[in-house]
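These notes concern the structure reproduced below.
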Amino acid sequence: MSQMILDWSLFAAQLMLGVGMLATLYRMVRGPRAQDRILALDALYVVGLLLLVTLGIRTGSTIYFELAMLIGLLGFVGTVALAKFLMRGEVIE
Amino acid sequence: MKRLFPYPVLAAALLILWLVLQQSIGLGQILLGGAVAIVVSLAAAAVLPGRVRFRRLFSLLQLVVVAGIDIIRSNIAVLLILINPRAEPSAGFIKMELKLTNQFGLAVLACLLTATPGSAWLEYDGERNTVLIHVLDLIDKDEWIATVRHRYERLLLEIFE
Amino acid sequence: MIDELPLWLAILVSVCVVVGAGLTMAGCLGLVRFPDFYRRIHAPTMGTSMGGGLILLASAIFFSVTQQRLVVHELVIFLFVTVTTPVTLMLLARATLFRDRIEEARDGSADKDK
Numbered sequence: 050m051s052q053m054i055l056d057w058s059l060f061a062a063q064l065m066l067g068v069g070m071l072a073t074l075y076r077m078v079r080g081p082r083a084q085d086r087i088l089a090l091d092a093l094y095v096v097g098l099l100l101l102v103t104l105g106i107r108t109g110s111t112i113y114f115e116l117a118m119l120i121g122l123l124g125f126v127g128t129v130a131l132a133k134f135l136m137r138g139e140v141i142e
Numbered sequence: 019m020k021r022l023f024p025y026p027v028l029a030a031a032l033l034i035l036w037l038v039l040q041q042s043i044g045l046g047q048i049l050l051g052g053a054v055a056i057v058v059s060l061a062a063a064a065v066l067p068g069r070v071r072f073r074r075l076f077s078l079l080q081l082v083v084v085a086g087i088d089i090i091r092s093n094i095a096v097l098l099i100l101i102n103p104r105a106e107p108s109a110g111f112i113k114m115e116l117k118l119t120n121q122f123g124l125a126v127l128a129c130l131l132t133a134t135p136g137s138a139w140l141e142y143d144g145e146r147n148t149v150l151i152h153v154l155d156l157i158d159k160d161e162w163i164a165t166v167r168h169r170y171e172r173l174l175l176e177i178f179e
Numbered sequence: 027m028i029d030e031l032p033l034w035l036a037i038l039v040s041v042c043v044v045v046g047a048g049l050t051m052a053g054c055l056g057l058v059r060f061p062d063f064y065r066r067i068h069a070p071t072m073g074t075s076m077g078g079g080l081i082l083l084a085s086a087i088f089f090s091v092t093q094q095r096l097v098v099h100e101l102v103i104f105l106f107v108t109v110t111t112p113v114t115l116m117l118l119a120r121a122t123l124f125r126d127r128i129e130e131a132r133d134g135s136a137d138k139d140k
């Protein structure tokens, strides 16, 4: 019974996060400007991270945390580099 | 001792972070984490602009509570705007002057305002000490400025200056 | 590990996960719905503040109960995400202001508020 509640709610949550990912992808493709695309990419990273955390609850394994951390780190560094590039035209000054 | 631990709080926080990430409190992990904490805090000493001094821990606690409440409230507010298809939020820019000059205080204020949905810190002018804020649902400029002053800046002034 | 999940745990974790995912989805839909960049910048913070916080809280509760020890991995992720997202958003906003000002100077249509 309780396993069934958990399974269904995790399914619903993953579905919602998937819809959110599609929304960010739409904004990334449509633009219209570079900063909109980077903003959408940053949001996509965060939603992907959260999707991995829900996957971790579903499978009952803590191995997904490391992946989530890694996505968080890469997303941060990537977005900062892209924002720097927009401002100055180069990443490292 | 002072040369090895220029930032004791930072070093302790790093050690705790290491132990949490390793999920163990064995002697080996404590030694390894301690080594990492010392090296990283020495590296941070070269980068940080100055020492952080927390004046009043009670104000810090108060700030955490206030920020938590405001984040929940503004999440609900932005959600209501989003699910109402006819709502056209009247977004706008606010330029306000700050009394706060401490760099760490400004950093905390910037993160708080940006992390709250509905308001975003855009740009800080260090010479005139003014900041440009963008608000999603701007109704009354003066009310917003007063909110930032009384809810956040007052506490930050107590903590950092 | 324990064999049977208690009902209260399932319900608590379910509510947190569903509400958190809903808030995150709403934030992402805001990216699509809002008409300009400065308004869109407010949308993803819903996912990183409360949405993400609730999902990570659910995960922390779930693993703390099922593994019968305190699991606080999620706290690290939460702190990291809540601190880094404002930083990236501020950088992006400043880059956008910079680009807008260049374009406005070129077109001669200066918006005084910026």
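Protein chains in written order, with the working numbering: chain A, 50 to 142; chain B, 19 to 179; chain C, 27 to 140. Built from N, CA and C at the ideal position, the CB exists for glycine as well.
Say whether chain C places a C-beta atom closer than 7 Å to the C-beta of residue i.
{"i": "R76/A", "result": "yes"}
{"i": "V83/B", "result": "no"}
{"i": "T128/A", "result": "yes"}
{"i": "P67/B", "result": "no"}
{"i": "G121/A", "result": "yes"}
{"i": "I112/A", "result": "no"}
{"i": "T132/B", "result": "yes"}
{"i": "G173/A", "result": "As displayed, chain A neither begins before 50 nor continues past 142, which places residue 173/A out of reach and without an answer."}
{"i": "D91/A", "result": "yes"}
Could you tell me whether the Cβ atoms of residue i and residue j are closer together than 7 Å?
{"i": "A121/C", "j": "L135/A", "result": "yes"}
{"i": "I106/A", "j": "S75/C", "result": "no"}
{"i": "P107/B", "j": "I99/B", "result": "yes"}
{"i": "E179/B", "j": "N120/B", "result": "yes"}
{"i": "G73/C", "j": "V129/A", "result": "no"}
{"i": "L118/C", "j": "E141/B", "result": "no"}
{"i": "F111/B", "j": "H152/B", "result": "yes"}
{"i": "T103/A", "j": "L64/A", "result": "no"}
{"i": "T50/C", "j": "G79/C", "result": "no"}
{"i": "L98/A", "j": "A117/A", "result": "yes"}
{"i": "S51/A", "j": "A36/C", "result": "yes"}
{"i": "L127/B", "j": "L174/B", "result": "yes"}
{"i": "M77/A", "j": "A89/A", "result": "yes"}
{"i": "P61/C", "j": "C129/B", "result": "no"}
{"i": "A47/C", "j": "L66/A", "result": "yes"}
I need the DSSP call for residue i, collapsed to helix, strand or coil.
{"i": "I157/B", "result": "coil"}
{"i": "T128/A", "result": "helix"}
{"i": "H68/C", "result": "coil"}
{"i": "P32/C", "result": "coil"}
{"i": "M27/C", "result": "The pLDDT assigned to M27/C is 48, lower than 50, so where the model puts this residue is not dependable, and the model offers no usable value."}
{"i": "T148/B", "result": "strand"}
{"i": "F137/B", "result": "Reading off the sequence shown, one finds Ser at residue 137/B, where the question assumed Phe. Residue state, collapsed to three classes: strand."}
{"i": "L130/C", "result": "For the sequence presented, residue 130/C should be read as Glu rather than Leu. Residue state, collapsed to three classes: helix."}
{"i": "F60/C", "result": "coil"}
{"i": "E176/B", "result": "helix"}
{"i": "Y170/B", "result": "helix"}
{"i": "Y142/B", "result": "strand"}
{"i": "E115/B", "result": "strand"}
{"i": "G44/B", "result": "coil"}
{"i": "G109/A", "result": "coil"}
{"i": "G68/B", "result": "coil"}
{"i": "G121/A", "result": "helix"}
{"i": "G110/B", "result": "strand"}
{"i": "L96/C", "result": "coil"}
{"i": "R79/A", "result": "helix"}
Does the beta-carbon of residue i have 16 or more other beta-carbons within 10 angstroms, so that it is buried, or is it exposed?
{"i": "S42/B", "result": "exposed"}
{"i": "P26/B", "result": "exposed"}
{"i": "A53/B", "result": "exposed"}
{"i": "Q84/A", "result": "buried"}
{"i": "F104/C", "result": "buried"}
{"i": "F76/B", "result": "exposed"}
{"i": "T134/B", "result": "buried"}
{"i": "A69/C", "result": "buried"}
{"i": "W139/B", "result": "buried"}
{"i": "L33/C", "result": "exposed"}
Closest to residue i by CA distance: which of the options is it?
{"i": "L196/B", "options": "I87/C, H99/C, R65/C, V109/C", "result": "Outside the shown range of chain B, which is 19 to 179, sits residue 196/B, and nothing can be said about it."}
{"i": "M70/A", "options": "L55/C, T114/C, P61/C", "result": "L55/C"}
{"i": "V57/B", "options": "I89/B, R71/B, A30/B, G68/B", "result": "A30/B"}
{"i": "I112/A", "options": "P32/C, H99/C, F63/C", "result": "H99/C"}
{"i": "R172/B", "options": "L118/B, L66/B, I89/B", "result": "L118/B"}
{"i": "L60/B", "options": "G144/B, L32/B, D158/B", "result": "L32/B"}
{"i": "F114/A", "options": "T108/C, M116/C, R95/C, V102/C", "result": "V102/C"}
{"i": "V107/C", "options": "R86/A, I120/A, M53/A", "result": "I120/A"}
Please confirm whether residue i has its beta-carbon closer than 7 Å to some beta-carbon of chain B.
{"i": "M27/C", "result": "Note that M27/C scores 48 on pLDDT, short of 50, meaning its location in the model is unreliable and no value can be drawn from it."}
{"i": "M76/C", "result": "yes"}
{"i": "M51/C", "result": "no"}
{"i": "V98/C", "result": "yes"}
{"i": "R66/C", "result": "no"}
{"i": "P32/C", "result": "no"}
{"i": "T110/C", "result": "no"}
Would you please verify whether the beta carbon of residue i is less than 7 Å from any beta carbon of chain A?
{"i": "F104/C", "result": "no"}
{"i": "I81/C", "result": "yes"}
{"i": "C42/C", "result": "no"}
Taking 6 Å as the line, does the beta carbon of residue i fall inside it for any heavy atom of the ligand FAD?
{"i": "D88/B", "result": "As far as ligands go, the structure on display features none, and thus does not contain the ligand FAD."}
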